[in-house]
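There are 2 protein chains.
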Amino acid sequence: MATPQDRQLVEQWRSIQSTYFRTAGAIDRALESRFSIGLTEFEILDLVAETAEAACRMKQLGERTPMTQSAMSKVVDRLEKAGLISRHSCEDDRRSLFLELTDAGRELHQQAAVEHRALLKENLA
Amino acid sequence: MATPQDRQLVEQWRSIQSTYFRTAGAIDRALESRFSIGLTEFEILDLVAETAEAACRMKQLGERTPMTQSAMSKVVDRLEKAGLISRHSCEDDRRSLFLELTDAGRELHQQAAVEHRALLKENLA
DNA sequence: TCAATTTATATGACACGTCATTGAATGACA
DNA sequence: TGTCATTCAATGACGTGTCATATAAATTGA
């Protein structure tokens, strides 16, 4: 049944869960109240911001996050409606889209990133 | 802007997220397909199973999980409908409830726990 | 060059979690 | 003892994620 090793695994798992929820919750609330975006929205902004240039990105970004393809699609919808990001279709493969921050998006990202990093620091001991 | 320390924090955070999603996803899929319960349902079963006896537990269990009170309430609903758990009102405080595994619940928990521990071991390097 | 297959993204139905609120029981204290 | 505040749990409205599928474009190969 419950070997000591099992207990230790469960402990470790609960610790990860707890860190994850505490941190994600804190960031989500802060971003929501100060910038009216959620954590997932920020994470896409963050990825786009750090992915230097072109390339047909939707797909590639998807590989850098645990988000589902359909989740990504919807988050990008919201970001587009909020005027923070724009979708451009790709010249060389018209199935693909690449994403670009708008000026508003870039500015919001810069400010939100400060908050984001601060909360990470605070929560990841 | 992006200090090296910031980058390291973000790295660390992504690693936690990735571990969390990978592990939770694997467990959830396995339990769902083999026992028709999700990860949250299992976690409540697991807590009840390891909390030896009486006491008016809903509340106390809530303190041992990142779940919301209302989330707990709904998960317990599902578990009750599935016949895995039962709610009993408390003698000394009729606002409170304590939970108990049914025989079916106890049995399912034992089997599911094996799978759960195995997947933890597999995913938490 | 024309099917058949595969790939990139979007979308609809649905499940679950959260927030705010409610209802009921308890506690505090004048 | 009677009010007022507090606590425990349940519920409804709502947002967001997932799965399965749709749509459209590209690729393969006969």
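So the protein lines, in turn, are chains A and B. The opening residue of the first sequence carries number 1 in this note's numbering; numbering runs sequentially from there. The opening residue of the second sequence carries number 1001 in this note's numbering; numbering runs sequentially from there. For glycine and all other residues, C-beta sits at the position ideal for the given N, C-alpha and C. Computed from a predicted model, the values in this text were never measured in an experiment.
Non-local C-beta neighbours of B:Ala1112 in its own chain, meaning closer than 8 Å and more than five positions away in sequence, comprise Leu1031, Arg1034, Phe1035, Ile1037, Phe1042 and Leu1045, ordered along the chain. Listed along chain B, the residues sitting closer than 9 Å to A:Thr19 by beta-carbon distance are Ile1016 and Tyr1020. Across the set A:Ala82, A:Lys81 and A:Ser96, the C-alpha of A:Ser96 shows the shortest separation from the C-alpha of A:His88.
The Cβ of A:Arg117 sits closer than 7 Å to at least one Cβ of chain B.
B:Ala1026 and B:Asn1123 have their alpha carbons spaced roughly 9 Å apart.
Think of a sphere of 9 Å around the beta carbon of B:Lys1074: no beta carbon from chain A falls inside it, the nearest being about 17 Å out. Counting along the chain, no alpha helix (DSSP H) covers B:Arg1087; the unbroken beta strand (DSSP E) around it starts and ends at Ile1085 to Ser1089. Note: B:Leu1099 is bridge-paired with B:Arg1087 in the DSSP secondary-structure output.
Counted as a single uninterrupted DSSP element, the alpha helix (DSSP H) harbouring A:Ile44 occupies residues Leu39 to Glu50. Between the segment 1072 to 1086 of chain B and the segment 1005 to 1025 of chain B, the count of C-beta pairs closer than 8 Å stays below three; the two stretches do not touch. The residues Ser1086, in chain order, have a CB closer than 6 Å to that of B:Glu1100 in the same chain once the five nearest residues on each side in sequence are set aside.
Contact between A:His109 and A:Ala49 holds: CB atoms are separated by about 5 Å, below the 8 Å threshold. DSSP places A:Asp92 outside both helix and strand once states are collapsed to three, so it counts as coil.
For the segment 1098 to 1112 of chain B, residues whose beta-carbon sits nearer than 8 Å to a beta-carbon of chain A comprise Gln1110. Chain-order list of chain A residues neighbouring B:Lys1059: empty, with the shortest C-beta distance near 18 Å, by a criterion of under 7 Å. Beyond the five residues adjoining it in sequence on each side, A:Arg94 comes within less than 6 Å, by CB distance, of no other residue in the same chain. Look at B:Pro1004: its C-beta is not under 7 Å from any C-beta on chain A.
Close to A:Gln12, with beta-carbon spacing below 9 Å, are these residues of chain B in chain order: Leu1120 and Leu1124.
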